[in-house]
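One structure below.
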Amino acid sequence: MSKFEEILKELGTLDLRGMYGQDFLLTWDKSMQELGGVFAVADALRNLRERNISTRIFDSGLGVSLFRDNSTRTRFSFASACNLLGLEVQDLDEGKSQIAHGETVRETANMISFMADVIGIRDDMYIGRGHAYMQEVSDAVARGKADGVLEQRPTLVNLQCDIDHPTQCMADALHLVHHFGGVDKLRGKRIAMTWAYSPSYGKPLSVPQGVVGLMTRFGMDVVLAHPEGYEIMPEVAELARRNAEQSGGRFSVVNDMDAAFEGADIVYPKSWAPFAAMEERTGFYGAGDSAGIAALEQELLAQNARHTDWECTEQRMARTNGGRGLYLHCLPADISGVSCNQGEVAASVFDRYRTPLYREASFKPYVIAAMIFLAQVENPVEMLKSLEREGKSRKKR
Amino acid sequence: MSKFEEILKELGTLDLRGMYGQDFLLTWDKSMQELGGVFAVADALRNLRERNISTRIFDSGLGVSLFRDNSTRTRFSFASACNLLGLEVQDLDEGKSQIAHGETVRETANMISFMADVIGIRDDMYIGRGHAYMQEVSDAVARGKADGVLEQRPTLVNLQCDIDHPTQCMADALHLVHHFGGVDKLRGKRIAMTWAYSPSYGKPLSVPQGVVGLMTRFGMDVVLAHPEGYEIMPEVAELARRNAEQSGGRFSVVNDMDAAFEGADIVYPKSWAPFAAMEERTGFYGAGDSAGIAALEQELLAQNARHTDWECTEQRMARTNGGRGLYLHCLPADISGVSCNQGEVAASVFDRYRTPLYREASFKPYVIAAMIFLAQVENPVEMLKSLEREGKSRKKR
Amino acid sequence: MSKFEEILKELGTLDLRGMYGQDFLLTWDKSMQELGGVFAVADALRNLRERNISTRIFDSGLGVSLFRDNSTRTRFSFASACNLLGLEVQDLDEGKSQIAHGETVRETANMISFMADVIGIRDDMYIGRGHAYMQEVSDAVARGKADGVLEQRPTLVNLQCDIDHPTQCMADALHLVHHFGGVDKLRGKRIAMTWAYSPSYGKPLSVPQGVVGLMTRFGMDVVLAHPEGYEIMPEVAELARRNAEQSGGRFSVVNDMDAAFEGADIVYPKSWAPFAAMEERTGFYGAGDSAGIAALEQELLAQNARHTDWECTEQRMARTNGGRGLYLHCLPADISGVSCNQGEVAASVFDRYRTPLYREASFKPYVIAAMIFLAQVENPVEMLKSLEREGKSRKKR
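Protein chains in written order, with our numbering: chain A, 121 to 517; chain B, 121 to 517; chain C, 121 to 517.
Have a look at this one:
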């Protein structure tokens, strides 16, 4: 049985009916089978592409990227995923500071969607906004379809919100699946999602939250570590706790980086801003209080500066399981002595994991494509078989 | 007979030979049959798409969008139309303030057109410039083709100029055709194209001009209403008068919003700047007189502020035919209490017409695609039949 | 034998194996047969397109344009070439001032390349940087492919660096080949690559260097003319000398525009900055010395102003071979009395050569496409035959 047939066989056992016609906003909205479906379809699409078989399911159509923050990597991942399936990307860049509400959102959502099969949204700046905004867009296009304005309801993909970063975390997880040899092999593995020092300000919480919200699903031993004051959103911490209970895993929070690294199979050291401060910032933005924002920034940078010892050093890596814990990062990292004087990770650690890190990132376009595929295709197994059978060359040879 | 066959049957009766290889710059350059051709092809393309049949007539090729003003909606409509036909969009954004002339236009037009099948231009800022610029580009690419520089002559589509906004007005008209049940049903219908108050400055005249220039073709009773001082270009008013005579319709101008709404089947309340002031502004821009521009802006805002009572209220809507006149707008509207304190339309009126307004907008991509199609395809009926016969799925299922 | 068959016949005699899987960074890295291969494939692709035959070799895939300087023309040429072959363009615009190094380059190169078949780079601002940067990107994607991060190694195309401008110069050369009737007809032809006055500052050296580095390969009599102080990079001058020796041509440098024009079959009058000054500027940029940059700019503009008589006038054109020398320019030119008070060329000269100049430019998209084609296709003759045989319409008729 070929690799491809194996993937399809596994895919065939999963109940994915709940994904058809739906968005992908939060990993915890999806069942374990559905997450497995994303992994399997991502692998299947990659397998076809490796064999130069076209995976276009669209002859024409648009993939709209709606970014409310700059992003080269996510932009390219989304563009790659759309292109892989046959959609042309159109970018809609809204100003960072402009927070649209209600009917304005509804109107814009409809106006950009006449030919849109997918809308990828990145809105991670303000606590309490990003996910709510995506839900507004989702409702708007659902109504547009119901009202006969739109001929198709575009699929929404969360390319990073204030709560979760599902395309990143699912790519991280698929990297782990490949590294350890299967989803079931993740059970019991210890992953340290830890805060790390960065000289920059206001990094989003979506990665740590997404990681603890997702990895607790797989029965892993998830440790969240950060200095006091860098708590994540309490709802997400609570969710991680429940997930761990249900999956037979563990979820713990510590204020000690060394303790988190101890015996870890995987470490994910990354800076983020404290949740409470980001919530405060949202208030300042809403009130247009730029003095308040500036003061908060100074305060947070000073707070960060008290924790420069939260760095992923060789000494800490030595504490991991067999000294060979797998280092993860969503990139770009703040590398001490390279991209900044002192940062999240020692240059020698980062360098040693450079190739695995790039491989980790390489799953993202396929994960995004799989999310779109499962929302757009009623029978994924049959469609993948049919693509292989048709065997159209991606590149003529 | 299927809906599609009905459309093709009607299309077959029209003389569209004059559109092949030509641009679409002004609706009044086109015959009634040609306008009917645009409606029919737009409907046919939409019908095919609804049935998941690919309407790509291009395997590769570029659709160049040349915008001299920001625009999300028109940009997405043009991109959608190009994508629908198989063209990839490339944007060329020239600075707003940069007004290129003569040989510079000719050179740029050729340089962007080597693989361009379509050029969509939006240049609506300066009276006396936009349309003239489009003609320069049109002449340039015609010469480029004749001289062997270009292998194909790209079709120009006016995405809004200083005089007309044909893609908007044709979409408005197609919305009316669907609403009332046919082009012939528009005869005698009363449409009030009226000025409305907006707190913003310098909105283009192309919509009111395009509307009176187009709707008078269909034998409608077209009323243009505005406060004194908000006259449109005299040539366009004269053209509307002639159109009405020829079509057996009416064209009148009043300075009273209530009078215009009285018995109207359709109302189109929208702000615009006075023609004479916009002409003055063009002079200031040409002379680089920024003080003159700023003074003019203040003057015009003060002038606007004397007419805040020109609002599309419930009271005024009650005056329309049976109190159920159809409300049109090109969007986005200035909605009182929503997008501004006081604006063009009351929130309750706008809300009631939200779905029809979005449907009105949904015709635009198809109208643009139809304009391109008729310029690029020698035998439209045969091509549409052939697309249906081939029956390539737009999206695999 | 058809024109197409003739091209393929010639193509079949060339050894192009060294181009497969390789970048196109400098013309002097390529053999004469390889340069001939680019000409032949460019002609073949153009011939197919003229006959409405699709030249798409990609069903999906990205062409990434990485521009570190603004450029409308090169951007459109690259987009056209990608589109012609079936790739969708994604732009990555890095800031002009941001000079990335080492691992940052490696990371970005990998992150944008997951679905990239081509990367076109323009980086011409700083002497000593552009070509080095391209080599870094090239190494990075080669390693990415070897490490299993990338499934394909994207082809790099130099869209202008600090040393060479191969897509421009190869388009210029293909224009000459068509004008004079064959590559062999270039032997002995005299081409004057001469400096010309421009009121602007810091124009890149890549065109004059690229021209003398390439035209000396064809046995031409290449004269480089410039005022004292406007020397090109000594390595390139030396290379041109060696090329001329090997090809049986000539390479001379003079400080006299009239002498260069004397008997010239082709003239290429164009402004550029002195190499040494540009090297100095790179140092200032590296040191963040904006005062130094500003002072240098003033100095160079003053230096330029001493040579306003270096203009391509009618009097000088009369000195060319039979008074009918062919005028070349990469466009846009500084035309005296048109785009500036006094510039590189008299308006009457430029006007007379307008159509040939546009035709010269029209070769660029095909030259770029040919460079990509030869890097991506193992057997070019067979692929071109197969495209013709398949005969898919580019545009349905």
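All C-beta atoms, glycine included, are put in the ideal place defined by N, C-alpha and C.
If you're wondering where the values come from, they're calculated on a predicted model, not measured in any experiment.
Burial state of residue i (16 or more Cβ within 10 Å)
i	result
Ser217 of chain A	Residue placement at Ser217 of chain A is poorly supported in this model, since its pLDDT is 38, which falls under 50; the coordinates still yield a value, given next. Exposed is the call here.
Met503 of chain B	buried
Pro274 of chain A	buried
Ser482 of chain B	buried
Lys309 of chain B	buried
Asp385 of chain B	buried
Arg514 of chain A	buried
Thr133 of chain B	exposed
Gly268 of chain A	exposed
Ser410 of chain C	exposed
Arg169 of chain C	buried
Pro500 of chain C	buried
Arg337 of chain C	buried
Arg509 of chain B	exposed
Pro347 of chain C	buried
Asp282 of chain B	buried
Asp135 of chain C	exposed
Met398 of chain C	buried
Residue closest to residue i, alpha-carbon to alpha-carbon, out of the options
i	options	result
Asp304 of chain B	B:Gly369, B:Arg171 and B:Glu256	B:Gly369
Asn363 of chain C	C:Phe198, C:Gly308 and C:Met335	C:Met335
Arg193 of chain A	C:Gly157, C:Ala414, C:Asn230 and C:Phe178	C:Asn230
Leu128 of chain B	B:Met139, B:Leu165 and B:Thr147	B:Leu165
Thr520 of chain B	B:Val487, B:Lys515 and B:Glu434	Past the boundaries of the shown model lies residue 520 of chain B; chain B is included only from 121 to 517, so the question cannot be answered.
Tyr246 of chain C	C:Tyr405, C:Ala312 and C:Gly511	C:Tyr405
His295 of chain B	B:Glu508, B:Arg479 and B:Val497	B:Arg479
Phe65 of chain B	B:Leu212, B:Leu168 and B:Ser197	Residue numbering for chain B in the displayed model covers 121 to 517; residue 65 of chain B lies beyond these limits and cannot be assessed.
Gly466 of chain B	B:Phe493, B:Asp454 and B:Pro328	Going by the sequence as given, residue 466 of chain B is Ala instead of Gly. Of the listed residues, the one whose Cα sits closest to Ala466 of chain B is B:Asp454.
Leu494 of chain C	C:Glu126, C:Gly156 and C:Pro324	C:Gly156
Tyr321 of chain C	C:Lys512, C:Phe338, C:Ala293 and C:Gln418	C:Gln418
Ala425 of chain A	A:Thr402, A:Tyr350, A:Phe470 and A:Ile413	A:Tyr350
Leu446 of chain C	C:Leu421, C:Ser326 and C:Asp292	C:Asp292
Gln272 of chain C	C:Gln496, C:Ser506, C:Pro354 and C:Val356	C:Gln496
Asp179 of chain A	A:Ala162, A:Glu154, A:Ser185 and A:Leu207	A:Leu207
Ala199 of chain B	B:Val209, B:Ser191, B:Leu205 and B:Asn190	B:Val209
Counterpart residues of residue i in DSSP-defined beta bridges
i	result
Met313 of chain C	C:Leu344 and C:Tyr388
Asn278 of chain A	A:Ile241
Asp213 of chain C	C:Phe187
Leu446 of chain B	B:Ile386
Lys129 of chain C	For Lys129 of chain C, which the question treats as bridged, DSSP gives no partner whatsoever.
Chain A contact residues for residue i, given Cβ-Cβ distances below 8 Å
i	result
Leu416 of chain C	Neighbours of Leu416 of chain C on chain A: none; closest Cβ ~30 Å, over 8 Å.
Arg169 of chain B	Glu271
Cross-chain neighbours of residue i in chain C, by beta carbon under 7 Å
i	result
Lys516 of chain A	Ile177 and Met503
Lys390 of chain A	None at all; the shortest Cβ gap to chain C is about 16 Å.
Ser180 of chain B	Ser174, Arg176, Asn203, Leu204, Gly206 and Arg514
Met235 of chain B	Ser200, Asn203, Leu204 and Pro485
Partners in chain B for residue i, counting only beta-carbon separations shorter than 9 Å
i	result
Gln210 of chain A	Arg195, Phe196, Ala199, Ser200, Asn203 and Val209
Thr224 of chain C	Simply none; closest approach about 28 Å.
Cross-chain neighbours of residue i in chain C, by beta carbon under 9 Å
i	result
Ile488 of chain B	In chain order: nothing, as chain C lies at least about 18 Å away.
Partner residues on chain A for residue i, Cβ-Cβ distance less than 9 Å
i	result
Asn230 of chain C	Tyr478, Ala481 and Ser482
Thr336 of chain B	What Thr336 of chain B touches in chain A: nothing, since even the nearest Cβ is about 28 Å away.
Neighbouring residues, chain A, relative to residue i (Cβ below 7 Å)
i	result
Gly115 of chain C	The displayed coordinates of chain C run from 121 to 517. Any statement about residue 115 of chain C would go beyond what the structure contains.
Chain B residues whose Cβ lies nearer than 8 Å to that of residue i
i	result
Leu451 of chain C	Glu227 and Met231
field: Complete alpha helix (DSSP H) runs within the region 173 to 211 of chain B (minimum length 4 residues, chain order)
entry: 193 to 205
message: Going residue by residue through the region 395 to 453 of chain B, where are the continuous alpha helix (DSSP H) segments of at least 4 residues, counting only ones entirely within it?
response: 395 to 407, 410 to 425 and 434 to 438
task: Go through the region 356 to 380 of chain C residue by residue and report every complete run of the beta strand (DSSP E) that reaches 3 residues or more, in order.
output: 370 to 374
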